[in-house]
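Chains as they are written, first to last, in my numbering: chain A, 207 to 498; chain B, 200 to 448; chain C, 364 to 651.
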């Protein structure tokens with residue numbers, strides 16, 4: 207029984223990273239009604255780029271690495287926007303989709319080549335700290351992961367609901383044509399959305415690296431799939447949904463790993479997706495409004 | 200032919216259609232008018248099966264349509280046109296008519312294989328007729344998206360006719376037309392009646408409605424406020440009030 | 364010469380993969396599940412020739428049936444999912460199939476050795492072609508018989524009413540329903556045909572590579588499948604063929620100059636192609 211709660215707890219804490227990835231997918235979908243398949247790859251890429259800080263300053267504190275990942279994520283996000291959404295007419299959804307898949311493959315391959323396929327160690331913080339309550343433990347680094355993720359989510363919500371940029375973003379997601387007529391520059395909002403989700407992604411990638419201890423390009427595919435699953439379960443376009451779903455998937459996955467082992471675990475996450483698609487295709491929080 | 204009994208369709212708190220009773224006789228051209236938002240299009244959508252009614256019944260030739268999906272209703276003999284034209288833009292004029300030949304009669308006539316994978320020979324004559332009727336024969340290979348607006352409207356109508364309907368629901372077919380085009384439309388509608396098609400005409404353009412219908416029902420806020428011949432409706436005080444508001448001498 | 368035969372073989376198999384995505388794409392469904400049907404066909408055909416001693420041709424027939432069956436089963440729930448959600452769901456399905464084969468063991472002893480799929484190690488010794496003395500050239504021709512047949516079938520569909528109906532559904536489901544088209548029948552049938560073609564492709568793939576494993580049927584393959592008709596355009600089947608030739612020739616040629624940076628090239632290629640020609644090589648007929 208304790209094992210169960212332990213794994214739920216660990217899973218939910220880690221699930222905060224899935225939530226961030228899910229938010230990235232869902233925000234772009236909400237604003238542009240498009241899927242950015244390259245998102246998880248860009249997040250991992252951002253995390254790798256954070257390691258460049260160590261190249262420059264070999265004894266840099268982990269915080270700087272995380273900040274590097276944060277910044278790199280934003281840059282990558284903007285790059286994806288440029289190559290996949292800026293020039294391609296938005297009326298060609300297949301073209302933008304395919305383009306993001308192309309970027310996914312490109313980023314993945316670049317990572318593989320630059321690192322020559324070797325997994326890279328990732329600095330962690332508080333990994334030797336453990337909070338205990340009897341036999342129940344909470345790893346310090348996981349708590350940090352959770353905490354940083356929560357901070358990011360709060361910052362995002364504040365941005366969306368308390369700033370003019372956030373207002374413009376929400377306007378564009380509901381009525382792009384009308385938003386333009388009100389003087390909102392669509393390209394600016396779209397590009398900014400990508401930069402912001404990129405920043406979040408960079409942090410998410412870094413947090414994952416920190417809690418697992420290593421980064422490997424093999425991370426990209428399962429992260430993409432899980433991020434998309436989180437997005438769908440939470441409801442395409444709903445940020446709160448992605449948050450809840452991320453934590454849910456994290457906990458669920460870890461519990462299943464406890465009982466069925468790692469190899470079968472991912473199959474069950476798939477199954478969770480199909481259950482939701484069958485019974486609640488709109489997700490936990492079906493997005494409000496929406497066009498047509 | 201078509202009977203609506205206490206038909207209602209609610210969207211959350213909005214009563215788009217509210218307790219509508221309607222009886223369209225075979226061979227009639229029946230008009231449905233009302234201010235914007237009065238529930239005309241919703242009525243058409245419910246009749247064709249796009250939404251189920253919240254309450255009430257739809258009887259078509261005596262049979263209750265409840266639960267019958269849209270494509271089956273077409274086969275039973277109900278076809279419609281769309282207010283904002285929904286042609287298959289990437290298909291040619293000819294192809295738009297071809298894919299619409301789904302009436303029960305067409306299904307019975309050719310075997311499955313011939314109908315789906317066979318060539319065009321069997322249906323050439325019929326489609327040529329439809330093209331002739333709509334004046335589109337010279338444009339038959341053009342992409343529907345490349346047609347002029349008037350031509351698109353004619354194709355929309357021809358496509359509905361390709362299904363050999365017994366009941367044709369026209370959703371604001373005259374929108375955006377000039378007087379000459381409206382006259383031509385009027386002629387076409389009358390010709391359709393001669394061929395035995397019953398027509399329910401939802402329309403705003405009074406020139407058309409008053410000039411072609413046998414009977415008119417007026418909706419306001421989802422309810423029927425008046426029904427009668429065109430002359431009766433034009434004189435009806437409730438109708439005036441609905442359109443113009445307040446008291447008018 | 365063998366090198367070129369090998370290239371033509373790969374082009375053939377990938378064309379089948381692309382065609383399976385093409386017909387589904389016509390109905391407006393963007394499916395990343397084709398690699399999954401491909402995998403099912405591969406394992407099915409391999410098991411039948413290796414474990415049950417079947418001749419390849421009936422084994423490919425079984426691949427087609429298996430691929431079609433799984434696709435049909437996927438087709439029904441897919442009806443309830445629209446647009447981008449379908450992309451995600453089919454992606455997850457494809458990954459699910461891969462994970463299934465990752466965990467799949469079925470070995471039978473043949474003399475001293477055990478043959479059959481073995482989880483992560485994959486399925487080795489699918490040696491129908493070498494055992495029956497086929498040359499590379501003969502294998503290539505064999506593959507292309509199927510490719511030509513599939514192209515002919517889809518070309519025929521395209522010119523028939525079915526083809527126009529598929530495209531009508533892809534363009535406007537609401538209008539299609541309203542003119543009497545049964546959406547379920549059309550979408551599921553397209554998915555099923557696609558599954559059959561992918562199954563045959565997979566069965567052939569298993570035999571010319573002689574060794575398959577779960578990693579071959581990953582997201583990259585699913586991407587190839589859908590990329591071909593998107594990059595090639597949906598006007599007709601030749602667009603898909605052109606895209607396959609374009610991509611594979613670039614990749615293989617690129618192999619010579621860029622070593623194993625070719626996958627990187629693939630990604631960049633797609634991004635470039637989509638920016639330059641969003642509606643594909645042979646896209647929809649020009650709007651006036």
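Yeah, the Cβ is synthetic: ideal placement off N, Cα and C, and Gly gets one too. If you're wondering where the values come from, they're calculated on a predicted model, not measured in any experiment.
If you measure from the beta carbon of residue i to each beta carbon in chain C, is any gap under 8 Å?
| i | result |
| --- | --- |
| residue 205/B | no |
| residue 259/B | no |
| residue 247/B | yes |
| residue 273/B | yes |
| residue 431/A | yes |
| residue 279/B | yes |
| residue 423/A | no |
Quick one: which chain B residues come within Cβ less than 7 Å of residue i?
| i | result |
| --- | --- |
| residue 540/C | 269 and 270 |
With residue i as the anchor, note down where its alpha helix (DSSP H) starts and where it stops.
| i | result |
| --- | --- |
| residue 334/B | No alpha helix (DSSP H) holds residue 334/B; DSSP gives it neither H nor E. |
| residue 364/A | 346-368 |
| residue 251/A | 245-262 |
| residue 432/A | 426-440 |
Are the C-beta atoms of residue i and some chain A residue less than 8 Å apart?
| i | result |
| --- | --- |
| residue 554/C | no |
| residue 382/C | no |
| residue 551/C | no |
| residue 467/C | no |
| residue 403/C | no |
| residue 657/C | The shown model of chain C, from 364 to 651, leaves out residue 657/C, and the question about it has no answer. |
| residue 645/C | no |
Which residues mark the beginning and the end of the beta strand (DSSP E) in which residue i is found?
| i | result |
| --- | --- |
| residue 204/B | 201-210 |
| residue 416/B | 414-419 |
| residue 228/B | 228-232 |
| residue 425/B | 422-427 |
| residue 398/B | 397-401 |
| residue 217/B | 213-223 |
| residue 478/C | 476-478 |
| residue 254/B | 254-259 |
Take residue i and list the residues in its own chain whose beta-carbon comes closer than 6 Å to its own, dropping the five residues that flank it on each side.
| i | result |
| --- | --- |
| residue 159/A | Outside the shown range of chain A, which is 207 to 498, sits residue 159/A, and nothing can be said about it. |
| residue 479/A | 435 |
| residue 650/C | Summary for residue 650/C: the model assigns pLDDT 48, below 50, so the residue's position carries little reliability, and this model does not support an answer. |
| residue 477/C | 470 |
CB-CB under 7 Å to residue i, same chain, minus the five flanking residues each way: which ones, in chain order?
| i | result |
| --- | --- |
| residue 395/C | 450, 453, 454, 457, 585 and 589 |
Which chain A residues sit within Cβ distance under 7 Å of residue i?
| i | result |
| --- | --- |
| residue 626/C | 311 and 315 |
| residue 641/C | 294, 295, 298 and 301 |
Note down, in chain order, every chain C residue with its Cβ under 9 Å from the Cβ of residue i.
| i | result |
| --- | --- |
| residue 273/A | Chain C residues near residue 273/A: none, gap ~28 Å exceeds 9 Å. |
| residue 317/B | 523 and 524 |
| residue 308/A | 586, 590, 629, 630, 631, 632, 633, 634, 635, 636 and 637 |
Taking C-beta pairs closer than 8 Å, name the residues in chain C that residue i reaches, listed in chain order.
| i | result |
| --- | --- |
| residue 305/A | 633, 634, 637 and 638 |
| residue 314/B | 524 |
| residue 442/A | 447 and 448 |
| residue 438/A | 448, 451 and 452 |
Among the residues of its own chain, which have a CB less than 8 Å from the CB of residue i, if the five just before and after it don't count?
| i | result |
| --- | --- |
| residue 263/A | 270 |
| residue 390/A | 374, 377 and 378 |
| residue 223/A | 351, 355, 410, 413, 414, 417, 452 and 456 |
| residue 483/C | 465, 576 and 577 |
| residue 469/C | 410, 414, 479 and 480 |
What in chain C is Cβ-close to residue i, meaning under 7 Å?
| i | result |
| --- | --- |
| residue 476/A | 455, 458 and 459 |
Quick one: which chain B residues come within Cβ less than 9 Å of residue i?
| i | result |
| --- | --- |
| residue 386/C | In chain order: nothing, as chain B lies at least about 14 Å away. |
Which residues in chain E sit within 7 Å of residue i, going by Cβ to Cβ distance?
| i | result |
| --- | --- |
| residue 518/C | This model lacks chain E altogether; the protein chains it does include are A, B and C. |
At the 8 Å Cβ level, is residue i part of the contact set with chain B, yes or no?
| i | result |
| --- | --- |
| residue 557/C | no |
| residue 391/C | no |
| residue 672/C | Outside the shown range of chain C, which is 364 to 651, sits residue 672/C, and nothing can be said about it. |
| residue 399/C | no |
Using a cut-off of 8 Å between C-beta atoms, extract the partners of residue i located in chain A.
| i | result |
| --- | --- |
| residue 481/C | Per Cβ cutoff of 8 Å: no residues; residue 481/C is ~14 Å from chain A at best. |
Residues of the region 286-301 of chain B with a CB closer than 7 Å to any CB of chain C: list them in chain order, please.
-> The residues in question are 287, 288, 289, 290, 294, 297, 298, 299 and 301.
Members of the region 428-458 of chain C that neighbour chain A once the beta carbon cut-off is set at 7 Å = The region 428-458 of chain C vs chain A, Cβ under 7 Å: 440, 443, 444, 447, 448, 450, 451, 452, 454, 455 and 458.
Check each residue of the region 524-540 of chain C: if its Cβ is closer than 7 Å to any Cβ of chain B, include it; give the result in chain order.
-> Listed by position, the residues of the region 524-540 of chain C near chain B (Cβ gap below 7 Å) are 524, 525, 527, 528, 530, 531, 534, 535, 537, 538 and 540.
Check distances from the C-beta atoms of the region 576-592 of chain C to those of chain A and list, in chain order, the residues that come in under 8 Å.
-> From the region 576-592 of chain C, only 581, 582, 583, 586, 589 and 590 have a Cβ closer than 8 Å to chain A.
Mind checking the region 354-371 of chain B against chain C and listing, in chain order, the residues whose C-beta falls within less than 9 Å of any C-beta there?
-> Per Cβ criterion, the list reads 358, 359, 361 and 362.
Scan the region 594-606 of chain C for residues whose Cβ lies nearer than 8 Å to a Cβ of chain A and list them as they occur along the chain.
-> If the cut-off is 8 Å between Cβ atoms, the region 594-606 of chain C has 594 near chain A.
Using a Cβ-Cβ cut-off of less than 8 Å, give me the residues of the region 490-509 of chain C that come near chain B, in sequence order.
-> So the list is empty, because no residue satisfies the distance condition.
Short-range partners of chain C found in the region 265-292 of chain A, where Cβ spacing is below 8 Å = Against chain C - using a Cβ distance shorter than 8 Å - the residues of the region 265-292 of chain A are 289 and 290.
Contact list for the region 371-401 of chain A against chain C, Cβ threshold 7 Å | Listed in sequence order: no entries.
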